[in-house]
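What the sequence shown shows, in the numbering used here, is residues 1243 to 1440, in sequence order.
Heads up, the beta-carbon is just placed ideally off N, CA and C, and yes, glycines get one too.
It should be emphasised that the depicted structure is a prediction, and the values quoted were computed from it without experimental measurement.
Report on the following structure.
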Amino acid sequence: MSEIGRRPGFGIRHPELLALLERHSPAATVDEVWADGTLPLRVSAYLGVAPVPELVSSIRCVVRVDGRFVVCRIPGELHVLPGGRPEPGETPPRTAVREVYEETGWHLDPESLVPLGFLHLRRLVDAPPGHPYPHPDFLQLVYSGVARTRAVDADEDWADLDGWELGTFLADAEEVVKLGLPPISLAFVDAALQVERT
C-alpha cells in the first residue's frame, strides 16, 4: 500500500473523526443513495460541533430572507442546504457566499454567517479502485446566514449557474416543516431558528 493509502481519512477512517463521533450523537440520520444509485451513504447531522477540517469536502448554508427560508428544487426533491465545494484557497465563509449566490441568486451577508454544525456522510460500500475520493467519511460544514438582496426579484425563479438547482422559493418555518424534507434538513432548520432567537 502506498503512503497515500495509509494516510488517515484516505481509504480508512480518520481517528480524529472517530473520536469526535464517539463523543457526540447525531441530531438525525438518514440513508441515501447518490451517483445514480451507485453510492449508498449514511448521512448524519451533527449540531453545535466543529468538524475535522481536512475531511470537509463541501460547505452548505441554511439561508434566511426576512425570516423565511430559501428552499431549493433539484431533480426529484427539495432542500434547504445550498452549497458546494470550496475553490482553491477559498475560506469556508467565502465558499458559502459564492455557492449560495451561484445556486440561488441570493447575496449572503458574510457577517451573518454562524456555523451550525456539519453533515457526516459515510460510504456504506468501498470506493471502486482508482476513485478520486476513496475516503469512507466526508463532511459538509453547515452555516446559517442571512441574505437581503438578490440578483433577480425575490419572487422570480433562479436556475443555478451550474445547472443543478432547478429553482428556489421562500417559505416560512411552518411551510418548511410541511415540505417533507429529510430529518437531517429539519435538524438544521431548527438550529437556524435557534440562532435567530438568540
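Quick check on I1316: does DSSP put it in helix, strand or coil?
Looking at I1316 - three-state DSSP - the assignment turns out to be strand.
Looking at the unbroken beta strand (DSSP E) that takes in R1392, where does it start and where does it end?
From DSSP, the beta strand (DSSP E) with R1392 extends over D1379 to R1392.
Where does V1275 land, buried or exposed, given buried means 16+ other C-beta within 10 angstroms?
Burial call: exposed.
Taking only runs of the beta strand (DSSP E) that begin and end inside the stretch 1282–1355, which ones reach a length of at least 3 residues, in chain order?
Qualifying beta strand (DSSP E) stretches, in chain order: 1298–1307, 1310–1316, 1319–1321 and 1348–1350.
Ends of the beta strand (DSSP E) at L1412?
Counting along the chain, L1412 sits inside the beta strand (DSSP E) bounded by residues G1409 to A1413.
Which same chain residues end up closer than 8 Å to L1283 when comparing Cβ atoms and leaving out the 5 residues on each side of it in sequence?
If we look at L1283 and ignore the five residues flanking it on each side, its Cβ neighbours are D1273, E1274, V1275, W1276, L1363, R1364, R1365 and L1366.
Could you check the C-alpha separation between G1247 and I1301 for me, to the nearest Å?
In this prediction, G1247 has a pLDDT of 43, which is less than 50 and means its spatial position is unreliable; what the coordinates show is noted afterwards. Cα-Cα distance, rounded: 25 Å.
Between V1437 and V1356, how many whole angstroms is the CB-CB distance? I'm expecting something under 8 Å.
In this structure V1437 touches V1356 by the C-beta definition: roughly 5 Å separates them, less than 8 Å.
Which of the three DSSP states, helix, strand or coil, is assigned to E1274?
Shown here, E1274 sits in a strand according to DSSP, grouped into three states.
Residues in the same chain with beta-carbon distance under 6 Å from I1426, minus the five sequence neighbours each way, listed in chain order, please.
Excluding sequence positions up to five before and after I1426, its CB lies within less than 6 Å of the CB of A1270, V1272, V1285 and A1287, all in the same chain and listed in chain order.
Could you give the C-beta distance for R1310 and L1383, rounded to a whole number, given that I count them as a contact under 8 Å?
No, R1310 and L1383 are not in contact; Cβ-Cβ is about 23 Å, not under 8 Å.
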